[in-house]
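Participant: Heads up, the numbering used here is the position in the sequence shown plus 378, with the first residue counted as 1.
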Amino acid sequence: MAYGKIKTFNCFLLLIMSFLVGVSFWIFSRFTVDDAFITWRYGKNLVEQGVWGYNPVHFDLTQAYTNPIYAVVSIIPELLDLDVVLFFKISSLACIAIFAFWFYRKTKMSVFVAFVYAIPATFIHAFSGLETFLYVCLLTVFFVSLIEDDFFKIILYSLALFMTRPESWILLALVPFYFALPRKLDELSLVKDFRFLTSILLCFDCYRLKRALIAFFLLAVPMAFYFSFHKIYFGYALPNTFYVKSGGGFHLLNFLYFSFVAFPIFGILLVGKHRAFLTASLFFFAVIFSYSTSTLMMNYIDRFAFHIIFPSCFILVYIGTNFFDYNRSDFRVGCCKWWKGICSRSVLISIAFFWFFVFFVKNFSVTSLVHIANYYPRALDAHAQLGKAIAVEADEQGIDSMSMGDAGMAAYHAGITSYDNIGLGSSLVAHEGVNQNTLDAYEPEVIVFHAWPTSIMFSSNGQDKIYSWAEDRGYRHICQVYWKSNYTLNVYSKYEVNNIESVCESSRIANDVDDSLYIIRNASVAPWIYWKG
């Protein structure tokens with residue numbers, strides 16, 4: 379009788395969650411972030427110009443991506459003449475479905491998957507065009523493989539993670555470290571058998587150094603080729619973001635917050651997988667410390683925290699649902715009744731639900747969510763149309779260089795060399811800064827300034843220096859492209875650029891409206907209408 383009521387409640391809960399998943403998909407799958415086009419530009423330039431670089435020329439070759447897997451995959455839609463946004467939206471759907479299917483097979487916890495998918499942050503990150511969702515999915519399956527001690531999968535997922543985000547590079551040391559640790563560590567109870575710990579750690583023959591060396595070789599050789607290629611081709615082994623964003627101060631509150639978010643990984647300790655727990659703890663500590671000294675330029679819906687909480691909570695649910703798959707002698711917690719009481723399926727799963735709910739509440743803001751829902755539709759009428767207009771002017775007037783702080787969408791569609799004054803798309807700017815020498819090297823013929831409707835943001839990323847450079851060379855103000863009522867793109871050039879002026883007018887009509895009115899006007903539009911570049 380009780381079982382029947384629980385089953386009915388679960389079905390009802392799953393129905394509610396499925397409805398919320400549909401709502402989240404409808405509103406947020408239209409979101410595509412400008413930064414995604416930075417990576418996608420590599421596939422476009424390679425196919426159209428034969429250049430593997432942010433710009434379609436061999437001058438100032440720059441590694442602007444941190445997600446090489448997306449850069450390589452971006453070649454496919456260009457070769458097949460497919461819309462790049464549509465291609466990656468479909469890829470996102472595939473990733474969402476595959477992970478849900480994999481996790482359901484592991485845990486039968488469709489309710490938890492639906493709960494996480496119903497939270498706006500999940501689909502915002504999944505459909506953004508960046509690697510965020512793929513990264514957290516790969517982290518989850520990696521740590522599950524670590525718990526299951528599956529050598530082949532651990533190596534495979536480590537290599538996949540290396541090609542997805544640079545935070546994972548620490549696994550080059552941690553994976554061999556994991557395989558070197560004595561297996562007897564997992565046979566201990568940290569409470570009952572603590573006195574044997576020292577003897578195991580001091581037993582040289584217990585360490586599996588051969589297996590660790592094999593793991594290191596399998597990981598190090600591909601990474602050596604990876605870094606060597608980038609050093610030889612671009613001149614720098616590391617992505618440009620390491621030089622643009624490095625050197626931030628340590629933020630204690632961020633460190634404490636990220637540590638709180640990572641707390642569910644302690645579930646690994648509860649099932650006696652001490653080697654996996656130690657490896658996971660070292661990984662997350664290093665990542666949390668790095669995140670606590672960094673600032674994201676596009677930190678929508680707490681991307682850093684999402685990198686941590688998603689795998690942490692899914693691992694905890696996996697532990698909870700597979701608890702009795704582990705032999706009790708392997709678990710060894712009988713000597714401590716309160717510890718044994720913690721280790722129940724319902725408690726662990728409840729903690730995972732609660733932790734993700736706290737993350738949702740912390741990041742819930744109607745203003746922020748409305749802004750994100752409106753972001754890409756607005757950008758299509760502003761950045762995308764501006765880039766396409768510049769491309770037309772380039773063909774008609776021989777313009778071959780532009781300058782714009784947003785390094786993604788407009789530059790992608792313009793198809794010409796772009797001077798990125800933030801520095802992500804230019805090694806020259808990243809290492810030398812915005813100055814007359816770097817501007818002279820690029821000689822931008824169309825310059826786009828971040829602005830308010832009444833003035834240019836001169837203090838933003840060297841725009842005051844760019845303005846002085848342009849003024850000295852007789853550039854004149856053409857018009858303003860509207861992205862929002864309080865945010866515009868001021869266009870300067872020496873040429874008559876009628877196509878750009880048309881975009882200024884059309885963007886004003888489309889985007890010079892308050893966010894609340896904009897979403898009311900567009901919320902009923904199917905999200906796939908915006909799955910285009």
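Ideal Cβ placement from N, Cα and C applies to all residues, glycine included.
Residues in the same chain with beta-carbon distance under 6 Å from Tyr704, minus the five sequence neighbours each way, listed in chain order, please.
Facilitator: Caution is warranted here: a pLDDT of 43 is assigned to Tyr704, below 50, making its placement in the model unreliable, and the coordinate value is therefore given only provisionally. Closer than 6 Å at Cβ, skipping near neighbours: Val649.
Participant: Checking the sheet assignment: what are the DSSP bridge partners for Cys691?
Facilitator: Paired residue(s): none; Cys691 is not in a bridge.
Participant: To which residues of the same chain is Thr417 closer than 7 Å at the C-beta, ignoring the five residues directly before and after it?
Facilitator: Cβ within range, chain order: Tyr443, Asn445, Tyr448, Ala449 and Ser452.
Participant: Measure the alpha-carbon distance for Asn388 versus Ala492 and round it to whole angstroms.
Facilitator: Rounded to whole angstroms, Asn388 to Ala492 spans 12 Å at the Cα level.
Participant: Based on DSSP bridge pairs, tell me the residues matched to Gln858.
Facilitator: The partner list for Gln858 (beta bridge, DSSP) reads Asn868.
Participant: Between the Cα of Arg408 and the Cα atoms of Leu392, Leu471, Leu439 and Leu460, which residue gives the shortest distance?
Facilitator: The shortest C-alpha separation from Arg408 is found at Leu471.
Participant: On the three-state DSSP scale, how would you describe Ile907?
Facilitator: Ile907 falls in the helix class under three-state DSSP.
Participant: Just grab the DSSP bridge partners of Met541 for me.
Facilitator: BP columns for Met541 are empty, so no partner.
Participant: Identify the residues that DSSP records as bridge partners of Val824: which are they?
Facilitator: Answer is Met780 and Ser871.
Participant: From the DSSP output, in three-state form, read off Ser590 for me.
Facilitator: The amino acid at residue 590 is misidentified as Ser; the sequence shows Ala. It is helical.
Participant: Which first and last residues belong to the alpha helix (DSSP H) in which Tyr556 is found?
Facilitator: Here the alpha helix (DSSP H) through Tyr556 covers Leu549 to Ala558.
Participant: Does the beta-carbon of Ser779 have 16 or more other beta-carbons within 10 angstroms, so that it is buried, or is it exposed?
Facilitator: By the neighbour-count rule (16 or more Cβ atoms within 10 Å), Ser779 is buried.
Participant: For Ser880, name the three-state secondary structure that DSSP assigns.
Facilitator: Looking at Ser880 - three-state DSSP - the assignment turns out to be helix.
Participant: Give the secondary structure of Ser407 by DSSP, where H, G and I count as helix, E and B as strand, and everything else as coil.
Facilitator: In this structure, Ser407 counts as coil in the three-state DSSP scheme.
Participant: Please state whether DSSP places Ile796 in a helix, a strand or coil.
Facilitator: The amino acid occupying residue 796 in the given sequence is Ser; Ile does not appear at that position. Three-state DSSP puts Ser796 in a strand.
Participant: If the criterion is Cβ atoms closer than 8 Å, does the pair Ile777 and Val824 meet it?
Facilitator: It is a contact, given that the beta carbons lie within the stated cut-off.
Participant: Only counting the same chain, and skipping five residues up and downstream in sequence, which positions put a Cβ closer than 7 Å to that of Arg419?
Facilitator: Closer than 7 Å at the Cβ level, and outside the excluded window around Arg419, lie Tyr432, Ala789 and Tyr790.
Participant: Measure the alpha-carbon distance for Asp459 versus Tyr585 and round it to whole angstroms.
Facilitator: When rounded, the distance between both Cα atoms is 53 Å.
Participant: On the criterion of 16 or more Cβ atoms from any shown chain inside 10 Å, does Phe603 qualify as buried, or is it exposed?
Facilitator: Exposed, since its Cβ has fewer than 16 Cβ neighbours within 10 Å.
Participant: Which of the three DSSP states, helix, strand or coil, is assigned to Leu391?
Facilitator: Residue state, collapsed to three classes: helix.
Participant: Mind pulling the alpha helix (DSSP H) runs of 4 or more residues that sit fully within the segment 448 to 473?
Facilitator: Qualifying alpha helix (DSSP H) stretches, in chain order: 453 to 457.
Participant: Just to confirm my understanding: we take Leu392, look at its own chain, exclude 5 residues before and 5 after, and list those with CB closer than 8 Å. What are they?
Facilitator: Within the same chain, Leu392 has close Cβ partners Ser488, Val489 and Ala492.
Participant: Assuming the contact rule is C-beta atoms closer than 8 Å, Ser880 and Ala767 should be a hit. Round their C-beta distance to whole Å, please.
Facilitator: About 7 Å; that satisfies the 8 Å criterion.
Participant: Assuming contact is defined by CB atoms lying nearer than 8 Å, are Ser350 and Phe636 in contact in what I supplied?
Facilitator: Look at the range of the chain in this structure, 379 to 911, and you will see that residue 350 is not part of it.
Participant: With 16 other CB atoms within 10 Å as the buried threshold, where does Ala904 fall?
Facilitator: So Ala904 counts as exposed.
Participant: With DSSP as the reference, label Ile532 as helix, strand or coil.
Facilitator: In the structure shown, Ile532 sits in a helix (DSSP, three-state: H, G or I).
Participant: At which residues does the alpha helix (DSSP H) containing Glu509 begin and terminate?
Facilitator: Unbroken run through Glu509: none, as it is neither H nor E.
Participant: Tell me whether Met395 is buried or exposed, calling it buried when 16 or more other Cβ atoms sit within 10 Å of its Cβ.
Facilitator: Its Cβ being crowded by 16 or more others within 10 Å, Met395 is buried.
Participant: Considering only the alpha carbon of each residue, which of Ala751, Glu883, Gly793 and Arg886 lies closest to Asp893?
Facilitator: Asp893 has its Cα closest to that of Ala751, out of Ala751, Glu883, Gly793 and Arg886.
Participant: Return the CA-CA distance between Leu457 and Val425, expressed in angstroms with no decimal places.
Facilitator: Straight-line Cα distance between these residues: approximately 7 Å.
Participant: Between which residues of its own chain and Arg706 is the CB-CB distance below 7 Å, once the five residues before and five after are set aside?
Facilitator: Low local confidence applies: a pLDDT of 41 at Arg706 is under 50, so the model's placement there is unreliable, and no value is given.
Participant: When the Cα of Val622 is compared with those of Ser523, Ala792 and Ser672, which residue comes out closest?
Facilitator: Measuring from the Cα of Val622, the nearest candidate turns out to be Ser672.
Participant: Assuming Ser804 contacts Thr440 (C-beta within less than 8 Å), just tell me the rounded distance between them.
Facilitator: Indeed, because the Cβ distance is near 6 Å, the residues count as touching under 8 Å.
Participant: Compare the beta carbon distance of Ser523 and Val411 with 8 Å and say whether it is the shorter of the two.
Facilitator: Cβ distance not < 8 Å, so Ser523 and Val411 don't count as in contact.
Participant: Ordered along the chain, which non-local residues of its own chain (more than five positions away) have a Cβ less than 7 Å from that of His436?
Facilitator: Excluding positions up to five away in sequence, the list reads Val429.
Participant: Check whether the Cβ atoms of Arg681 and Thr510 lie closer than 8 Å to each other.
Facilitator: Yes, these two residues count as a Cβ contact at 8 Å.
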